[in-house]
Amino acid sequence: MTADRDPGCLFCRIVAGELPSTREHEDDAILAIRDIAPRAPTHILVLSKAHIPSAADLTEAHGPLLGRIFATAADLARREGIADRGYRVVTNVGAWGGQTVDHLHFHLMGGRALQWPPG
Ligand code: AMP
Ligand code: ZN
């Protein structure tokens with residue numbers, strides 16, 4: 246994992262506290278914030294603190310980071326009261342995958358029935 250921060254990256258600036266966000270969880274490796282334009286009643290972004298451009302840049306060495314991201318998403322889902330009915334954790338990769346911020350993040354979405362495939 247690169248510990249580098251990209252000074253022009255929106256999420257690096259949120260991690261650094263230079264831009265505002267609604268923080269739902271923070272530890273040494275990850276930050277969870279409310280999505281600014283929620284597409285579901287619960288829509289939280291779980292970010293790596295390190296600047297990793299996308300899931301395409303992950304390696305086996307990121308296993309512990311990913312485990313923590315998914316465990317945190319599950320914990321947040323329980324806190325939000327969406328765990329019993331189900332929810333989605335998804336990451337977009339590249340332009341055709343729908344990625345608009347090139348800093349690793351997972352969308353935790355729930356609180357309504359979600360369509361599949363997303364479109
Ligand atoms: P993606 O399009 O998969 O890269 O996801 C980026 C997400 O970041 C989108 O759902 C945006 O609504 C969200 N977003 C953009 N700017 C902010 C911000 N300043 N604070 C919180 N979420 C944001
Ligand atoms: Zn970044």
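Its first residue numbered 246, the sequence shown is counted upward by one per residue in this note's numbering.
Quick reminder that beta carbons are idealized off the backbone N, C-alpha and C, glycines included.
The beta carbon of Asp302 sits no closer than 7 Å to any heavy atom of the ligand ZN. Here Glu269 is buried, its C-beta having at least 16 other C-beta atoms within 10 Å. Thr317 counts as buried, since no fewer than 16 other beta carbons sit within 10 angstroms of its beta carbon. Straight-line spacing of the CA atoms in Met354 and Asp272 works out to 21 Å. Boundaries of the alpha helix (DSSP H) harbouring Leu321: 308–325, taken from the DSSP string. With contacts defined as CB atoms closer than 8 Å, Phe351 and Val335 qualify as a contacting pair. Arg279 carries a strand assignment under DSSP once its states are collapsed to helix, strand and coil. Around the beta carbon of Ala261, a 10 Å sphere encloses fewer than 16 other beta carbons of the protein chains shown; the residue is thus reported as exposed.
At a threshold of 7 Å, Ala318 does not count as near the ligand AMP, since its beta carbon sits no closer than that to any of the ligand's heavy atoms. Applying a distance threshold of 5 Å between residue Cβ atoms and the heavy atoms of the ligand AMP selects Asp280, Ile281, Ala282, Asn337, Gln344, Thr345, Val346, given in chain order. In this structure, the C-beta of His348 approaches the ligand ZN to less than 7 Å from one of its heavy atoms.
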